[in-house]
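Undergrad: I have a structure I would like to understand better, so I am pasting it below and will then ask my questions one at a time.
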Amino acid sequence: MSRADFTVVLSELAALDLADILQYTLEQWGERQMNLYAAKLNRGVRQLAANPQLGKPREDWFPGCRCFPVEHHLALYAVVEHEVRIARFFHERVDVPRHLP
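Rendered as structure tokens:
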């Protein structure tokens, strides 16, 4: 991480989402694929730390929301000061507004 990188903070729900994603991947495609997918998700999160403006603004979902595709999932996050605060991870086919408060 370079000095310019933002700190990434996962919400409790985002951490649970990641655990569920990886558990599902393990059960469906095995440990090797789970490890590969985890690395791809991690790479996407690191991209956000390096360039938080990559995501598309989605103020209609929640104030400050941005959405960034990471493989077959969407990272919903907001940039607050020098942090990328990831609120949730959703599969790309999910109707996101139905799952937001």
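Here the sequence shown is numbered in the numbering used here, starting from 1381 and rising by one per residue.
Built from N, CA and C at the ideal position, the CB exists for glycine as well.
As the structure is a computational prediction, the values presented were derived from the model and not from experiment.
1) I need the straight-line Cα distance from D1475 to M1414, nearest angstrom please.
2) Out of V1464, E1439 and F1469, which has the shortest C-alpha to C-alpha gap to D1400?
3) What is the residue span of the alpha helix (DSSP H) that R1423 lies within?
4) In the DSSP assignment, the beta strand (DSSP E) including R1468 goes from what residue to what residue?
5) Which partner residues does H1452 have in the DSSP bridge list?
6) Based on the DSSP output, what are the partners of P1437 in its beta bridges?
TA: In short, the structure shows the following:
1) Position 95 of the sequence shown, counted from the start, is the residue given in the question as residue 1475. Position 34 of the sequence shown, counted from the start, is the residue given in the question as residue 1414. Straight-line Cα distance between these residues: approximately 24 Å.
2) Reading the sequence shown from its first residue, position 20 is the one you call residue 1400. Closest by alpha carbon: F1469.
3) One-based indexing of the sequence shown puts residue 1423 at position 43. Note, R1423: alpha helix (DSSP H), E1392 to A1430.
4) As a position in the sequence shown, residue 1468 is number 88, starting the count at 1. Start and end: E1463 to H1471.
5) Position 72 of the sequence shown, counting from 1, holds the residue named residue 1452. The partner list for H1452 (beta bridge, DSSP) is empty, contrary to what the question assumes.
6) Start at 1 with the first residue of the sequence shown, and residue 1437 comes out as number 57. For P1437, which the question treats as bridged, DSSP gives the partners R1446.
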